[in-house]
Amino acid sequence: MSFLSEALWVLLLGSLLGLELIGKVPPTLHTPLMSGANAISGITMLAALTLIIKAGNNIPLLAMGAVALGFALFNVIGGFLVTDRMLAMFSRKSSRRRDNH
Amino acid sequence: MNIAEILKFAIDLVAVLLLALGIKGLSKVRSAREANRLAAVAMALAVVGLIVNYLGTTGIAAEAWIWIIFGTVVGGCLGAITAQRVPMTSMPETVALFNGCGGMSSLLVALGVAIFPTAAGAGEAGSGVVEDISIVVSVFVGSITFSGSIVAMAKLQGWLSTPPWMQSRVRHAVNIALAVMSLVAAIELGRHGDNVSALWLLVIGSGLLGIGVTLPIGGADMPVVISLLNSYSGVAAAAAGFVVGSQLLIVAGAMVGAAGLILTQVMCNGMNRSLVSVLFGGALGASAAAGGGG
């Protein structure tokens, strides 16, 4: 019961924090922000890791956990790299503009 | 509490702080790139914290290491290659693909715990009811996220076009039927957590629901839908956090879920559309909104 009540508080406060974190977002950042938040939602890889570590000798469960981990890491690594690519293009453009002036 | 657990606790706190700062920084042009790296560091920290905790308490079997490395290498390499190769013009599709995989991961974790309840021994969630409910939520949301994201990607790539009956009102009846089917399966699972056929019914019902909801939506509205699906994948991660008993997962998932919802709203406002008209209007709603907006 103590885990549940703690977890519900964490859920509530986390949601409120998420609601407050983003105020105004310039339209150019919509896609990068979406992509970055998406990479963070790949944090479910921690759940996949827990599943594998606690699986013991259960081969189907180990395999399932490994597939889940693979999917999550695909999300995390791909998500952060692709966000960085988008933002890199962004900063290059602005620095070029700065050079011209 | 031994040293490893205390260390994990401290690392988790730092990771949550960095993740929050990352999301915050990503919404400003000046700090966006650093914020993205900060979030990546936070994720790495969270993994280190988890590994340290298990090394210090129960230990990690050699067999588990093999599967962990296998999953990490395959998933990580594929992700890195995809991120490098994909053209800049098809970013929304790419995000949808990644997002779908995140949803799939939450779905698989919940399925694993549901099918092998004793082995997983997530345990910390305590009573069976909480675990059953969180499994249902995780499966339902994860499944919708996966199928919806894949459909969104296929539509943006032009691999898939909307069949005419999907644009008529029939689709509402179909979607409601699918939702009822999922609900029945969810209630059955809540009463008997070990009912495997109800579990598969829930997976199939919510998967088809994800397709049915996403398929009629027009190409121009797709980024909004992807943002909404991104919010769902946060919810799925939070539910997976309840399943395995991880506070960090719950707080990060809740943050992404709520922030994704706000971003969806911001994007809708930018297009001068309401979320309801994007989701339920389809072609009809577009003309109505255009008429109303003009």
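Chains as they are written, first to last, in this note's numbering: chain A, 1 to 101; chain B, 1001 to 1294.
The beta carbon of each residue, even a glycine, is placed where N, CA and C say it ideally should be.
Asked, Found
"Outcome for B/GLY1112 when other beta-carbon atoms lying within 10 angstroms are tallied against a minimum of 16", "buried"
"Contact set between B/ALA1236 and chain A, taken where Cβ atoms lie within less than 9 Å", "SER41, THR44"
"Between the CA atoms of A/ILE53 and B/GLU1124 - distance to the nearest angstrom", "In this prediction, B/GLU1124 scores a pLDDT of 48, lower than 50, which makes its location untrustworthy; the coordinate-derived value is nonetheless stated afterwards. Taking the straight line from one Cα to the other gives about 15 Å."
"Residue-chain proximity (A/SER15, chain B), Cβ-Cβ < 8 Å", "yes"
"Coarse secondary structure for B/ARG1037, derived from DSSP in three states", "helix"
"Residue of B/SER1149, B/VAL1244, B/CYS1101, B/ILE1006 minimising C-alpha distance to B/THR1214", "B/SER1149"
"Contacts that B/GLN1247 makes with chain A (C-beta to C-beta distance below 8 Å)", "GLU6, ALA7, VAL10"
"Sequence-distant residues of the same chain with beta carbon closer than 8 Å to B/VAL1225, five excluded per side", "GLY1148, ALA1152, THR1214, ILE1217, VAL1278, LEU1279"
"Separation of B/ALA1240 from B/ILE1176, as counted between CA atoms", "26 Å"
"Element boundaries [alpha helix (DSSP H), containing A/HIS30]", "30 to 41"
"B/ASP1132 (DSSP reduced to helix, strand or coil)", "helix"
"Segment contact flag, the region 1091 to 1103 of chain B with the region 38 to 49 of chain A, C-beta cutoff 8 Å, min 3 pairs", "yes"
"Beta-carbon neighbours of B/ALA1062, restricted to chain A and to distances below 8 Å", "None at all; the shortest Cβ gap to chain A is about 11 Å."
"Exposure label - B/VAL1251; buried when at least 16 CB within 10 Å", "buried"
"Buried versus exposed call for A/THR31 [16 or more other C-beta atoms within 10 Å across all chains shown]", "buried"
"CB contact below 8 Å: B/ILE1226 versus chain A", "yes"
"Closest residue to B/ILE1204 among B/ASN1036, B/VAL1016, B/ASP1194, B/ALA1185 (Cα-Cα distance)", "B/ALA1185"
"Selection from B/ALA1110, B/THR1145, B/ARG1030, B/VAL1047 that minimises the alpha carbon distance to A/VAL67", "B/ALA1110"
"Any chain E beta carbon closer than 8 Å to B/PHE1098", "The structure shown contains no chain E; its protein chains are A and B."
"Nearest-angstrom Cα separation, counted from B/MET1001 out to B/ASP1221", "50 Å"
"Contact list for B/MET1267 against chain A, beta-carbon separation under 7 Å", "HIS30"
"Any chain A beta carbon closer than 8 Å to B/THR1092", "For the sequence presented, residue 1092 of chain B should be read as Pro rather than Thr. Yes - at least one Cβ of chain A is within 8 Å of the one on B/PRO1092."
"B/GLY1218: first and last residue of the uninterrupted alpha helix (DSSP H) it sits in", "Segment: none, B/GLY1218 is in no alpha helix (DSSP H) and carries neither H nor E."
"Partners in chain A for B/LYS1024, counting only beta-carbon separations shorter than 7 Å", "LEU21"
"Buried/exposed call for B/ILE1187, threshold 16 Cβ in 10 Å", "exposed"
"Distance, B/VAL1243 Cα to A/LEU8 Cα", "13 Å"
"Rounded straight-line distance, which links the Cα of A/ALA88 to that of B/MET1088", "11 Å"
"Residue environment, B/ALA1062, which counts as buried when at least 16 other CB atoms sit within 10 Å", "exposed"
"4-residue-minimum alpha helix (DSSP H) runs that sit fully inside the region 1044 to 1114 of chain B, ordered along the chain", "1062 to 1085"
"CB-CB length for B/LEU1107 against B/PHE1146, believed under 8 Å", "6 Å"
"Closer than 8 Å to chain A by CB, B/VAL1137", "no"
"Three-state secondary structure (DSSP) of A/THR17", "In the sequence as displayed, the identity of residue 17 of chain A is Leu instead of Thr. Three-state DSSP puts A/LEU17 in a helix."
"Cβ contact check for the region 73 to 81 of chain A and the region 1077 to 1084 of chain B: 3 or more pairs under 8 Å", "yes"
"Length of the line joining the Cα atoms of B/MET1043 and B/HIS1172", "40 Å"
"Closest by C-alpha distance to B/ILE1023, when choosing among B/LEU1045, B/LEU1038, B/ILE1011", "B/LEU1038"
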